[in-house]
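This report refers to the structure that appears directly beneath it.
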Amino acid sequence: MQTHPVLLEVFKNRFSSIAEEMGVTLTHTAFSPNIKERRDLSCAIFDARGDMIAQAAHIPVHLGSMPLSVQAAMRATADGGGFEPGDMVMLNDPFKGGTHLPDITIVAPVFAEGKAEPVFFVANRAHHADVGGMASGSMPLSTSLFQEGLIIPPVRIVRRGEPDQELMRLVLNNVRTPLEREGDFAAQFMANVTGVRRMTECIEKYGLDTCVHYGRALMDYSERVTRLAVEAIPDGTYDFEDFLDDDGQGTTDIPVRLTMTVKGDAARLDFSASGDQVRGSVNAVRAITLSAVLYCFRALAGRDIPANAGCMRPLTVVTRTGSIVDAEFPAAVAGGNVETSQRLVDVILGALSKAMPERIPAASQGTMNNLTIGGQTEAGPFAYYETLAGGMGAGPRGDGESAVHSHMTNTLNTPVEALEYAYPFRVREYAVRRDTGGRGAHRGGDGLVREIELLADAEVTVLSERRVRPPFGTNGGAPGEPGRNTIIRDGLAEELPGKFHRALQKGDRVRMETPGGGGFGPEKP
17 MQTHPVLLEV FKNRFSSIAE EMGVTLTHTA FSPNIKERRD LSCAIFDARG DMIAQAAHIP
77 VHLGSMPLSV QAAMRATADG GGFEPGDMVM LNDPFKGGTH LPDITIVAPV FAEGKAEPVF
137 FVANRAHHAD VGGMASGSMP LSTSLFQEGL IIPPVRIVRR GEPDQELMRL VLNNVRTPLE
197 REGDFAAQFM ANVTGVRRMT ECIEKYGLDT CVHYGRALMD YSERVTRLAV EAIPDGTYDF
257 EDFLDDDGQG TTDIPVRLTM TVKGDAARLD FSASGDQVRG SVNAVRAITL SAVLYCFRAL
317 AGRDIPANAG CMRPLTVVTR TGSIVDAEFP AAVAGGNVET SQRLVDVILG ALSKAMPERI
377 PAASQGTMNN LTIGGQTEAG PFAYYETLAG GMGAGPRGDG ESAVHSHMTN TLNTPVEALE
437 YAYPFRVREY AVRRDTGGRG AHRGGDGLVR EIELLADAEV TVLSERRVRP PFGTNGGAPG
497 EPGRNTIIRD GLAEELPGKF HRALQKGDRV RMETPGGGGF GPEKP
């Protein structure tokens, strides 16, 4: 079958719009502010082999990892007799296709008339505000995966359209906020129902062969555009390294190292010289490294291309098992998905800046500033999770944006009104942290300040980076200001490290000041 350019564009938008509609369904029906307000979720379409065809414009850190979740679901289901119409498989195990435990993925098959096996898959991933574990919010200063929450291997949670109530009771009995979790699971189920329905309509309208053909053609198209982007990089070998501040357990200056070799229209990214996995929770599984690579090179392409499996074909990613970027079970990984992923992007862009200094921006804030607060009130238990924005690195075309999410996070903020409505909090300050971007010909974006007063006793966990090493500038630009974490009690401020866990009392305040982005180019006299 020949590929018609008009139909290629039609299917590019058709598949992407299905994933977007899945996301709208999920956000509009979810219970937790983390999903319905912040949109900490991703939805995508996959072919019968589990290769991603299209992802909605959701979370970049999920780009390279969701296909591994789908393929893990396919393998597990094949061992159990195969998929049937109406089935869905759930998982969160980072070493079996997941990223970290709060990210729960649900996969559903799409069948066509006369076909015994699935012809496509749809999947969504959502960050649940609590999945058990040693600390409320399930983002603890852990030393083992077992401390981080309920570990879910690929299991069939919906059978022929009916949720498995026994399995659901098991899951809900291991989390702190079961009613909220149950509502979010129902939203995930309905997002997949929406995706299956729309894919079925697409098959009925265009025919299965045509849909399959254009799914493959879109991957080929993304490959061609990515190869053109790689070909524009001068051939050569480019090294770069940066460091994580610490792991929260005493290990500091954890190196993430890259040797990138470009030849023609292909690139090899070797992270094997990165540091060993550590005791704390900043270890990343290989899927996170793949996601960071895919994100950077898709951004480098500079065109509106589908985020799919074709983007990775020109790229070879080398990691060392047992390292900080390819951890082994049962390493603690809660922070790898959110913090190490950001450092991976910094390192990739740092290497690219040596090859193309006129195109690559300075480092953005380089952290997601993870804040979890949980406790109990008369109304019941609560678990709050949020990542906070910061400064974006300046680039050759202008200053960096201030107080925005950048790189591996693409979430929104939780509005003050929604935050105070849902939780026993009062937001005392929410503002841009002025003059924290790095100076230069173009200045880095500023971070932000968020100060929350607790209206009930609670436990607080913070996982953050760039509190010691600031985001770097490029081409002579200055670094941005590092972030700062503070607890305020009875008017007295106590500055705390980038990672901490504290039991706080009603009236205490948590203040987070996020990093500014790096500057680009020497400052003009």
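First residue of the sequence shown: 17, per my numbering; consecutive thereafter. For each residue, glycine too, the CB sits at the ideal point set by N, CA and C. It should be emphasised that the depicted structure is a prediction, and the values quoted were computed from it without experimental measurement.
Rounded to whole angstroms, what's the CA-CA distance from residue i to residue j? Just pull it up for me.
i	j	result
Q392	A151	13 Å
A315	R505	44 Å
G507	R466	17 Å
G113	D225	29 Å
G492	K131	60 Å
A92	A519	40 Å
L306	V349	16 Å
G199	E53	15 Å
A323	D236	12 Å
T383	A438	25 Å
A233	M215	17 Å
L24	T425	29 Å
K221	D56	32 Å
P21	E217	22 Å
L260	V294	11 Å
H423	M38	23 Å
G280	A248	8 Å
A142	Q204	8 Å
L188	A139	21 Å
L512	V333	36 Å
H116	L161	9 Å
When DSSP labels each residue in this structure, what does residue i get in the three-state scheme?
i	result
Y439	coil
R485	coil
L234	helix
S152	coil
H517	strand
A207	helix
P118	coil
I270	strand
P76	helix
G463	strand
L471	coil
A348	coil
L57	strand
Q381	coil
T41	helix
A70	strand
M82	helix
S339	strand
T19	coil
Any beta carbon of chain C sitting closer than 8 Å to that of residue i?
i	result
Y439	Annotation note: the requested chain C is absent from the structure, which comprises a single protein chain.
Using a threshold of 8 Å, state whether the C-beta atoms of residue i and residue j are closer than that.
i	j	result
L365	C327	no
F137	V86	yes
V420	V363	no
T452	G407	yes
A457	E539	yes
V135	V40	no
My guess is that residue i and residue j are in contact by the Cβ rule of under 8 Å, so how many angstroms apart are they, rounded?
i	j	result
T275	D286	5 Å
V246	V278	6 Å
D146	P125	With a Cβ gap of about 29 Å, D146 and P125 do not count as contacting.
V361	A300	Actually they do not touch by this definition, with Cβ atoms about 12 Å apart.
E469	G514	Between G514 and E469 the Cβ distance is about 22 Å, and since that is not below 8 Å, they are no contact.
P377	G411	3 Å
I304	V77	7 Å
L84	I168	So it is not a contact: roughly 15 Å between Cβ atoms.
S380	G533	5 Å
Practice problem: Just list the beta strand (DSSP E) runs in the stretch 266–332, keeping only unbroken ones of 3 residues or longer that don't cross its boundaries, in chain order. | Solution: Counting only runs of 3 or more, we get 268–279 and 282–286.
Quiz item: In chain order, which alpha helix (DSSP H) runs of at least 4 residues are fully inside the stretch 399–440?
Solution: Within the stretch 399–440, the complete alpha helix (DSSP H) runs of at least 4 residues are 432–438.
Self-check item: Unbroken stretches of the alpha helix (DSSP H), 4 residues or longer, contained in the stretch 158–210
Solution: Whole alpha helix (DSSP H) segments, 4+ residues: 181–188.
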